[in-house]
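Chemist: So for the sequence shown, our numbering puts the first residue at 395; every next one is plus one.
Ideal Cβ positions, reconstructed from N, Cα and C, are used throughout, including at glycine.
Note that the structure is a prediction, hence the values are computed from the model and not measured.
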Amino acid sequence: MKINNEEPKIPPLDKLYFSVFSFTAEAVEDIFISEFKGSTFHGGFGKAFKRLVCINPQEKLCERCIVNKNCSYYRVFDSRIDEETGTLLKITSTAPRPYVLEPPNTIQRKFGKGELFHFNLILIGWALEYLPYFIIVFERLGEIYGIGKKINEKRGRFKLLNVRNAGKTIYAGDNKILLLPFEKYTAGGLPPAENPVKIKLNFVTPARLEVQHKPQMLDQRSGFTTFILRLYGRLYRLQEIYCSDPASPFSQEEIEILSREIKTVHASLEWYDLERFKKIYSEEEITGIHASGKKQKMQYGGFIGEVIFEGNLRPFIDMIRLGEHLHIGKYYTFGLGKYEILSME
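(1) By the 10 Å Cβ neighbour count, where 16 or more other Cβ atoms means buried, how is Ala-560 classified, buried or exposed?
(2) With respect to the beta strand (DSSP E) encompassing Val-557, which residues constitute its N-terminal and C-terminal limits?
(3) Based on DSSP bridge pairs, tell me the residues matched to Pro-575.
(4) Can you give me the Cβ contacts of Met-738 inside the same chain, cut-off strictly under 6 Å, excluding the 5 residues immediately before and after it?
(5) Going by the DSSP bridge assignment, what does Tyr-411 pair with across the sheet?
(6) Give me the Cα-Cα distance between Lys-543 and Lys-657, rounded to the nearest whole angstrom.
(7) How many Å lie between Leu-708 and Glu-533 at the Cα?
(8) Can you tell me which of Ser-433, Ile-622, Val-414, Cys-637 puts its alpha carbon nearest to the alpha carbon of Glu-650?
(9) Three or more beta-carbon pairs under 8 Å between the segment 657-668 and the segment 627-638, yes or no?
(10) Have a look at Cys-456 and Gly-705 and give me their C-alpha separation to the nearest angstrom.
(11) Terminal residues of the continuous beta strand (DSSP E) containing Leu-663?
(12) As a quick exercise: from Gly-536, Pro-585, Glu-604, Gly-440, pick the residue whose alpha carbon is nearest that of Pro-423.
(13) Using 8 Å as the limit for Cβ to Cβ distance, is Phe-528 near chain B?
(14) If you reduce the DSSP assignment to three classes, tell me which class Phe-505 lands in.
(15) Run through DSSP, which three-state label would Ile-518 get?
(16) Strictly by DSSP, which residues pair up with Ile-735?
(17) In angstroms, rounded to a whole number, what distance separates the CA positions of Leu-730 and Ile-722?
(18) On the DSSP letters alone, give me the boundaries of the beta strand (DSSP E) that Lys-603 sits inside.
(19) Just mark Asp-712 as buried or exposed, buried being the case when its beta carbon has 16 or more other beta carbons within 10 Å.
(20) What residues match up with Met-611 in a beta bridge as DSSP calls it?
(21) Would you kindly work out how many angstroms separate the C-alpha atoms of Thr-434 and Glu-718, rounded to a whole number?
(22) Would you check if the distance between the CB atom of Tyr-726 and the CB atom of Ile-698 is smaller than 8 Å?
(23) Comparing alpha-carbon positions, which option in Lys-562, Gln-646, Phe-618, Arg-654 lies nearest Val-414?
(24) With respect to the beta strand (DSSP E) encompassing Phe-439, which residues constitute its N-terminal and C-terminal limits?
(25) First and last residue of the alpha helix (DSSP H) that includes Leu-482?
(26) Assuming Leu-632 and Pro-498 make a contact with CB atoms under 8 Å, what is their CB distance in whole Å?
(27) Got a sec? Which residues, its chain only, sit under 6 Å from Asp-568 by beta carbon, not counting five neighbours each side?
(28) What's the call for Gly-583, buried or exposed, on a 16-neighbour Cβ count within 10 Å?
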């Protein structure tokens, strides 16, 4: 299919880069975690990070803090983009976050004293500069604050044993030495792929894809278009915000046209509900001295299961392979939207 007698060209993802880090920890006490492990790890980590680095805790809104431009917490967890960049990338001032936290991949909800568990951290672009912060925060989280359900007013503590990258130990908890550099993933560094006409994906953790704020499944005729537009949009914006300066305009016209040629030939998907409580502050609390906030129930559910797409997948294969690491959909920083490629033909 052509646009103005020219073959559609998808703006490349050749500047996107990231690294994957595997953490191993040992439970010092019994740890009881919720079914939504991503919420347990992400929530505990975020609070510990802010406690460690914040020098202006009286300001409740990071975006109003006078030192936010130099704050590691703000840059990673609550960063904003200027109006010009937002216009180029067709998003609001809130930037997609440059990390993914994958909790332990198990149905297990208790880690007994002395038991090992593993979780992964993916850092994108310049967020790699903050790896030492992430390591120290996880150590403090385990040693001081703990995670999971409170037992006798205390959460379960753990000890960080090591951090690995590309199969090599780059940090050991006993000597506190961080070895550089790390191995980075890029689209150009992926092994060559054939020109598949069929691909089978398995969504391991709930993927929440929304169109006009309404959750979507991928079992309809336009399932691939929904999937690839949501994936490409986030990958491209991550690239332009964290891996490139200045940003280039975002366009999805070409990719949308090409994606219409891909059919959903099989879908075995089911909806998986997840809930999390988030503290919401009123304007009076934000501007006042004391603030307790009010807990509000948030819906984080999405679909899991398998889907098969068929058609000319060549223009999309690299971004689909990148998405295996970087996830898809809303709440990806909690480890949601993780999928794996089961087969390509």
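Modeler: Walking through what the data contain:
(1) Start at 1 with the first residue of the sequence shown, and residue 560 comes out as number 166. Counting the other Cβ atoms within 10 Å of the Cβ of Ala-560 gives fewer than 16, which makes it exposed.
(2) Walking along the sequence shown from the start, residue 557 turns up at place 163. Secondary structure note for Val-557: its beta strand (DSSP E) is the uninterrupted segment 552-559.
(3) Here the question's residue 575 lines up with position 181 in the sequence shown. The partner list for Pro-575 (beta bridge, DSSP) is empty, contrary to what the question assumes.
(4) The residue labelled residue 738 in the question sits at position 344 within the sequence shown. Closer than 6 Å at Cβ, skipping near neighbours: Pro-590, Ile-593.
(5) Numbered from 1 along the sequence shown, position 17 holds the residue referred to as residue 411. DSSP output for Tyr-411 lists Thr-580 as bridge partner(s).
(6) Locating residue 543 in the sequence shown gives position 149, where the first residue counts as 1. Locating residue 657 in the sequence shown gives position 263, where the first residue counts as 1. Each residue's Cα considered, the two are about 44 Å apart.
(7) One-based indexing of the sequence shown puts residue 708 at position 314. One-based indexing of the sequence shown puts residue 533 at position 139. Before going on, a small fix: residue 708 reads as Arg here, not Leu. Their backbone Cα atoms lie some 43 Å apart in a straight line.
(8) The sequence position of residue 650 within the sequence shown is 256, counting from 1. Nearest of Ser-433, Ile-622, Val-414, Cys-637 to Glu-650, Cα basis: Ile-622.
(9) Contact fails between the segment 657-668 and the segment 627-638, because fewer than three Cβ pairs, one in each stretch, are under 8 Å apart.
(10) Reading the sequence shown from its first residue, position 62 is the one you call residue 456. Reading the sequence shown from its first residue, position 311 is the one you call residue 705. Cα to Cα, the separation comes out at about 46 Å.
(11) The count along the sequence shown starts at 1 and reaches residue 663 at position 269. For Leu-663, the enclosing beta strand (DSSP E) stretches over residues 657-666.
(12) Here residue 423 refers to the residue found at position 29 when the sequence shown is read from its first residue. In the sequence as displayed, the identity of residue 423 is Glu instead of Pro. Among Gly-536, Pro-585, Glu-604, Gly-440, the Cα nearest to that of Glu-423 is on Gly-536.
(13) Of the protein chains in this structure there is only one, and it is not chain B.
(14) Here the question's residue 505 lines up with position 111 in the sequence shown. Three-state result, Phe-505: strand.
(15) Against the sequence shown, residue 518 aligns to sequence position 124. Strand at Ile-518.
(16) Here residue 735 corresponds to residue number 341 of the sequence shown, with the count starting at 1. Partner(s): Leu-595.
(17) The residue you call residue 730 lines up with position 336 of the sequence shown. The residue you call residue 722 lines up with position 328 of the sequence shown. Looking at the backbone, the Cα of Leu-730 and that of Ile-722 are separated by about 8 Å.
(18) Stepping through the sequence shown from its first residue, residue 603 is reached at position 209. Correcting the residue type first, residue 603 is Leu in the shown sequence and not Lys. Residues 603-605.
(19) Start at 1 with the first residue of the sequence shown, and residue 712 comes out as number 318. Under this definition Asp-712 is a buried residue.
(20) Your numbering for residue 611 matches position 217 in the sequence shown. Under DSSP, Met-611 shares a beta bridge with no residue.
(21) If you number the sequence shown from 1, residue 434 lands on position 40. If you number the sequence shown from 1, residue 718 lands on position 324. The straight-line gap from Cα to Cα measures roughly 22 Å.
(22) Taking the sequence shown and counting its residues from 1, one reaches residue 726 at position 332. Taking the sequence shown and counting its residues from 1, one reaches residue 698 at position 304. Contact annotation: Tyr-726 and Ile-698 have beta-carbon atoms that are not nearer than 8 Å.
(23) Residue 414 sits at position 20 when you count from the first residue of the sequence shown. Comparing Cα-Cα distances from Val-414 to each of Lys-562, Gln-646, Phe-618, Arg-654, the minimum goes to Lys-562.
(24) Here residue 439 corresponds to residue number 45 of the sequence shown, with the count starting at 1. In the DSSP assignment, Phe-439 falls outside any beta strand (DSSP E) and within the unbroken alpha helix (DSSP H) covering 431-447.
(25) Reading the sequence shown from its first residue, position 88 is the one you call residue 482. Counting along the chain, the alpha helix (DSSP H) containing Leu-482 begins and ends at 477-483.
(26) Locating residue 632 in the sequence shown gives position 238, where the first residue counts as 1. Locating residue 498 in the sequence shown gives position 104, where the first residue counts as 1. In fact, because the Cβ distance is near 25 Å, the residues do not count as touching under 8 Å.
(27) Counting from one through the sequence shown, the residue named residue 568 turns up at place 174. Only residues of its own chain outside the window of five on either side were considered, and among them none has a CB closer than 6 Å to the CB of Asp-568.
(28) Within the sequence shown, residue 583 is the residue found at index 189, counting from 1. So Gly-583 ends up on the exposed side.
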